[in-house]
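Numbers in our numbering are just positions in the sequence shown, counted from 1, shifted up by 30.
For glycine and all other residues, C-beta sits at the position ideal for the given N, C-alpha and C.
Here the structure is a predicted model, which means the values were calculated and not measured.
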Amino acid sequence: MGNSQQGAFTAEERKGALWALLIAGVIAFLALLFQQSTQPSLGPWGADQASVAMPDVLDAQPIASTL
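Structure follows, in structure tokens:
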């Protein structure tokens, strides 16, 4: 074997992988910042309907307890 390569990947491949990880980290960090700065979606009804409860619904309860 005339090729005495030190690792499984070349220096260019390692550099490319490092750049890919760095870019993915920056994208994830920016997405996290954007998510924290926006209000959660309330669906098609918007904020006006968020405080209005459905008729005859007081709280989430199980349908039946068979235990």
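Checklist line | Range of the contiguous alpha helix (DSSP H) that encloses Gln-4 | finding: Look at the range of the chain in this structure, 31 to 97, and you will see that residue 4 is not part of it.
Notebook entry, point to check: Which value, in whole angstroms, describes the spacing of the CA atoms of Pro-92 and Pro-70?
Noted result: Position 62 of the sequence shown, counted from the start, is the residue given in the question as residue 92. Position 40 of the sequence shown, counted from the start, is the residue given in the question as residue 70. Distance between the alpha carbons of Pro-92 and Pro-70 is about 26 Å.
Notebook entry, point to check: Roughly how many angstroms lie between the CA atoms of Phe-59 and Lys-45, to the nearest whole one?
Noted result: Within the sequence shown, residue 59 is the residue found at index 29, counting from 1. Within the sequence shown, residue 45 is the residue found at index 15, counting from 1. Cα to Cα, the separation comes out at about 21 Å.
Checklist line | Straight-line gap, Glu-43 to Leu-62 (C-alpha atoms, nearest Å) | finding: As a first step, residue 43 must be located in the sequence shown, where it is residue number 13. As a first step, residue 62 must be located in the sequence shown, where it is residue number 32. About 28 Å.
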